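For the record, the sequence lines run as chains A and B. Following the numbering used here, the numbering of the first sequence begins with 455 at its first residue and continues without gaps. Following the numbering used here, the numbering of the second sequence begins with 16 at its first residue and continues without gaps. C-beta atoms are modelled at their ideal positions from N, C-alpha and C, and glycine is treated no differently. Model, not experiment: these values are computed from the prediction. Only one structure is covered here, and it is reproduced in the block below.
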Amino acid sequence: MRIERLTLRNFRNHGETEIVAAPGLNLITGPNGSGKTNLIDAIHYLCMSRSFVMSGDQYVVKNGESYFMVEGDFRGSIRASFTVGCNYSRGQGKKMFVNDSPLEKLSDLIGRVPVVVMSPEDLKLTRDGPVERRSFLDSMISQVDQRYLRDLLEYRQVRRQRNKLLQDAGGRWSVIRDSLEVWDRQLAERGAAIIQTRAAMLERFAEYLATEYRTVSGLMLKPTLRYRTIAEEWGDAAELTEIFMRRLEEVRERELEREQTLVGPHRDEIVFYLDDMDIRKYGSQGQHRLFSMALKLAQLSVYTDELDDLPILLLDDLFGNLDQQKTETIVKALARHRGQTFITAASEQPYDEGLFRGDGGAGAGSGSSAHRWFTVSEGKVHLKFTEENHGI
Amino acid sequence: MQMTSEALERAIEELTRLPGTGRKSAQRMAVFLLKQKDEKVFALADALVQLKKSVVRCSSCGTITEQDPCPICVNPKRQNGVICVVEEFQDVYLIEKTNEFSGVYHVLGGSISPLENVGPDDLRIRELLERVRISREGMKGENTVETEVETEVGAAAHSMPDQTPITEVVLALNPDAEGEATAYYINKLLQPYNVKVTRIAYGIPMGTELEYIDEATLGRAFASRTAF
Chain A
455 MRIERLTLRN
465 FRNHGETEIV
475 AAPGLNLITG
485 PNGSGKTNLI
495 DAIHYLCMSR
505 SFVMSGDQYV
515 VKNGESYFMV
525 EGDFRGSIRA
535 SFTVGCNYSR
545 GQGKKMFVND
555 SPLEKLSDLI
565 GRVPVVVMSP
575 EDLKLTRDGP
585 VERRSFLDSM
595 ISQVDQRYLR
605 DLLEYRQVRR
615 QRNKLLQDAG
625 GRWSVIRDSL
635 EVWDRQLAER
645 GAAIIQTRAA
655 MLERFAEYLA
665 TEYRTVSGLM
675 LKPTLRYRTI
685 AEEWGDAAEL
695 TEIFMRRLEE
705 VRERELEREQ
715 TLVGPHRDEI
725 VFYLDDMDIR
735 KYGSQGQHRL
745 FSMALKLAQL
755 SVYTDELDDL
765 PILLLDDLFG
775 NLDQQKTETI
785 VKALARHRGQ
795 TFITAASEQP
805 YDEGLFRGDG
815 GAGAGSGSSA
825 HRWFTVSEGK
835 VHLKFTEENH
845 GI
Chain B
16 MQMTSEALER
26 AIEELTRLPG
36 TGRKSAQRMA
46 VFLLKQKDEK
56 VFALADALVQ
66 LKKSVVRCSS
76 CGTITEQDPC
86 PICVNPKRQN
96 GVICVVEEFQ
106 DVYLIEKTNE
116 FSGVYHVLGG
126 SISPLENVGP
136 DDLRIRELLE
146 RVRISREGMK
156 GENTVETEVE
166 TEVGAAAHSM
176 PDQTPITEVV
186 LALNPDAEGE
196 ATAYYINKLL
206 QPYNVKVTRI
216 AYGIPMGTEL
226 EYIDEATLGR
236 AFASRTAF
C-alpha cells in the first residue's frame with residue numbers, strides 16, 4: 455500500500471500543502487519546528503484516524519482557523535486505488551471519508567492502510583506503564599484483525615456499563631445482582647476472545663522480536679516476553695470464559711468496594727526480558743532504545759508476512775540521538791522494507807550520502823522504485839530532489 | 016446585533032432543537048417558511064400539533080398509534096401467538112416493511128443501559144411477561160382457553176381479537192452490548208414460561224458483495240449459517 459498524493463489544509467503549521475510522494479523512500483528534512491513531523495502525522499490520520507503524537511484533534515487545527523482537512527490518494531495491490539479524507543471542525547467534530555462517502559464508525563478505517571510508526575516516543579513502550587504496551591499490542595492486532603478491534607470496542611463499552619452499575623450499587627450486591635449478570639457474561643465472552651487473540655499474536659510476535667533485536671543490536675542477548683493475564687493457561691475460548699466468570703466472582707467484594715471492574719484484559723501486562731533481565735526495571739538507556747526499535751521492526755515484519763499489502767513505514771526523527779554506526783545498522787535493517795517509507799530528520803547528514811546512493815545495500819524503502827527528497831520550512835514544502843526508478 | 020423580528024428569532028431558536036440542525040440550517044428553514052404561503056405553513060403547524068395531540072402508545076404492544084389498541088394488535092389476521100420484541104417503535108415500521116412477519120409486536124422503549132440510567136424497570140419488560148403469562152393461563156385445560164382469554168384481555172381492550180397462547184418470542188434487538196444485555200435478561204425471565212425464544216440472525220446485507228463485508232460481520236454470518 456502506498457500514498458500517492460497528500461493534501462493538508464490548516465493542519466498544524468501547514469496552511470495549504472500538497473505533495474506527490476514517491477513509491478519508495480521519501481525523505482523530509484528541515485529545521486526543528488518547520489512541520490516535518492506534521493506531514494507524516496497527517497498520513498497517520500488517514501491510516502488510523504488520529505495523531506500518533508497523541509494530541510487531541512482540536513490542537514491539530516492551525517492557529518486562527520476553525521477546521522483542518524487531510525486527504526490522500528492511496529494505491530494498493532488488493533484495493534486498487536482509493537481516496538481517504540479526514541475533516542475536523544470545531545463544533546462538528548471529526549469525519550472520515552473513503553472515496554467521498556463518510557464512514558459510519560472511525561474504526562471502519564483501521565486496517566485499510568496498514569502503517570508502522572517509529573519515533574522517539576517508542577521509548578515509552580519498554581519504560582512506561584502497561585498501558586503503553588497494551589495499546590501497542592491493540593494497535594498492532596487491530597490493523598490485521600478487524601474482529602479483534604470490534605471485540606475491543608465492545609469490551610470497553612460493556613466494561614463502562616458494568617462500572618456504572620457497580621457505582622450505582624453503593625456497595626450493596628443485592629441491588630445489582632440480576633442486572634450485573636447480563637454484563638458479566640458479555641464481559642467474559644469478549645474478554646476471553648481478546649485474550650485468546652493477544653496470546654496467539656504474542657506467540658508469533660516473540661520470534662520476530664528475537665530476530666529484530668539481533669539485527670539492531672548485533673548482540674546475542676535473547677529478548678523474550680511474558681504475557682500476564684487472568685489465567686496462566688487455558689484450553690479453548692469457552693474454558694477461558696468460565697475462568698473469567700470465576701475470577702469475577704472471586705473479586706466481587708472488592709469490585710463493589712472499588713466500584714470498578716478489576717479483572718480482564720484491560721489489566722493485562724506484557725513483560726519484556728533480555729535473557730533473564732526485566733528490561734523495564736533494569737534496562738540501560740541504550741537497551742531501552744534498541745528494544746523499542748526491535749518491537750516496531752517486529753511489527754513491520756508481522757505485517758509484511760501476514761498482510762496482502764506492504765505497510766507504510768513512518769520514521770519520525772529516528773536518528774536524532776544515534777551515533778553514525780548505530781544509524782547505519784538501523785538503516786540496513788530498514789532497507790529490507792520494500793514498501794513505502796517516510797523519514798523525517800533535522801540534519802541532512804547521513805542521508806544524502808547513504809540513502810540516496812544505489813550502492814552498498816543502503817536505500818531504505820527503495821525496492822524497485824523511486825525516491826524523493828522534500829525540504830520543509832515554516833509549513834511550506836519543496837521538492838528538492840527526485841529520482842525516478844532507482845534501479846533494483 | 017439588533018433584531019428586527021422577535022418571531023423569526025424565536026422560530027430559529029426552536030428549529031435549532033431539531034436533531035442535526037445547526038443555527039445556520041435553522042435560519043434557512045425559518046426564512047423559507049416565512050416566504051411560504053400561509054396555508055402551507057399552517058398545515059405544517061397543524062401536523063405538528065396533531066402529532067403531539069392524537070398520537071398515543073398502544074396499551075398492548077407499546078407502539079405509537081392514534082387508536083388504542085393499534086391496528087396491528089386488533090388485526091385478526093395477525094398471529095398473536097408470536098411476539099416480536101423491538102427496542103423502539105421505529106423498528107416496528109422497519110420490520111413491517113419487510114412483509115416477513117405476521118405476528119404482533121412488543122416495543123420495549125429502549126435497551127438496558129446503566130450509563131444512561133436505563134434499567135430493566137424503565138423498559139416495558141414486565142408488560143411483556145404479563146402478556147405471555149396471561150395468554151398461556153388457560154393452556155392446561157384446552158377447552159376453556161377461549162372464554163378465559165376473552166375475559167382477561169377483553170376487559171382492557173374491547174376490540175382485540177382472541178388471544179392465542181404465545182408460543183414464540185422473537186428478539187429483534189440491536190446487536191450492540193446494550194441490546195445483547197437486554198436480550199439476555201429477557202430470555203432469562205421467559206424461561207419459566209416455556210415459550211420458544213428466538214432472535215433474528217446476524218448476517219450479510221442483501222446486494223452486497225462478500226469482498227466488501229468486514230470480517231467481523233462475515234464471521235458472525237458464518238457462525239449463524241443456515242441449511243440451504
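For V830 of chain A, the closest C-alpha among the options A:G484, A:R601, A:V474, A:E472 is that of A:G484. As a beta-bridge residue in DSSP terms, N480 of chain A pairs with A:F796, A:R826. Annotation for K834 of chain A: the continuous beta strand (DSSP E) segment containing it runs 834-841. If the five residues before and after T651 of chain A are omitted, its C-beta is found closer than 7 Å to the C-beta atoms of I595, D599, Y602, all from its own chain and listed in chain order. What D622 of chain A touches in chain B, judged by beta-carbon distance under 7 Å, is P129, going in chain order. From the beta-carbon of S633 of chain A, the residues of chain B found nearer than 9 Å are I127, P129, G134, P135, A196, Y200. Among the residues of chain B, those whose CB is under 7 Å from the CB of W637 of chain A are A196, following chain order. Of the other Cβ atoms in all chains shown, 16 or more fall within 10 Å of the Cβ of V97 of chain B; this residue is therefore buried. Taking 9 Å as the CB threshold, A187 of chain B stays off the interface with chain A. S126 of chain B sits close to L138 of chain B, with the two beta carbons spaced by under 9 Å. Excluding sequence positions up to five before and after D732 of chain A, its CB lies within less than 8 Å of the CB of V725, F726, all in the same chain and listed in chain order.
The segment 569-625 of chain A is shown to contain whole alpha helix (DSSP H) runs of 4 or more residues at 578-581, 584-596, 600-623, in chain order. Judged by pairs of C-beta atoms under 8 Å, the segment 674-683 of chain A touches the segment 645-660 of chain A, as three or more such pairs exist.
If you ignore the 5 residues before and after L761 of chain A, its C-beta comes within less than 7 Å of the C-beta of P568, V598, all in its own chain and listed in chain order. DSSP places T232 of chain B inside the alpha helix (DSSP H), whose first and last residues are 230-238. P574 of chain A is not a Cβ neighbour of R721 of chain A, given a cutoff of 9 Å. With the criterion set as a beta carbon lying under 8 Å from some beta carbon of chain A, the members of the segment 209-241 of chain B are D229, E230, A231, G234, in sequence order. Its chain contains no residue whose beta carbon lies nearer than 7 Å to that of N132 of chain B once the 5 sequence neighbours on both sides are disregarded.
Uninterrupted alpha helix (DSSP H) stretches at least 4 residues long and entirely within the segment 79-120 of chain B occur at 86-89, 104-113, given in chain order. Comparing C-alpha distances from Y227 of chain B to each of A:T461, A:R826, A:D562 shows the shortest one belongs to A:D562. Using a CB distance cut-off of 9 Å, Q597 of chain A does not count as an interface residue toward chain B.
Residues of chain B whose Cβ lies closer than 8 Å to the Cβ of R614 of chain A are, in chain order, L130.
Here K516 of chain A is buried, its C-beta having at least 16 other C-beta atoms within 10 Å.
Take the alpha-carbon of S746 of chain A and the one of P556 of chain A: they are about 36 Å apart. For T798 of chain A against I482 of chain A, the beta-carbon gap comes to about 5 Å, under 8 Å, which counts as contact. Contact annotation: the segment 115-126 of chain B touches the segment 140-148 of chain B, with at least three C-beta pairs closer than 8 Å. At least one CB of chain B lies nearer than 9 Å to the CB of R604 of chain A.
Proximity to F796 of chain A across A:T461, A:H468, A:T491 peaks at A:T491, based on C-alpha coordinates. Per DSSP, reduced to three states, the secondary structure at Y217 of chain B is coil, with no helix or strand assignment. In this structure, G218 of chain B lies near A236 of chain B, with their beta-carbon atoms less than 9 Å apart. DSSP, reduced to helix, strand and coil, places D729 of chain A outside both helices and strands of the structure shown, so it counts as coil. Straight-line measurement puts the Cα of V56 of chain B at about 49 Å from the Cα of L204 of chain B. Ranking A:H791, A:R668, A:L702 by CA distance to the CA of G645 of chain A puts A:L702 first.
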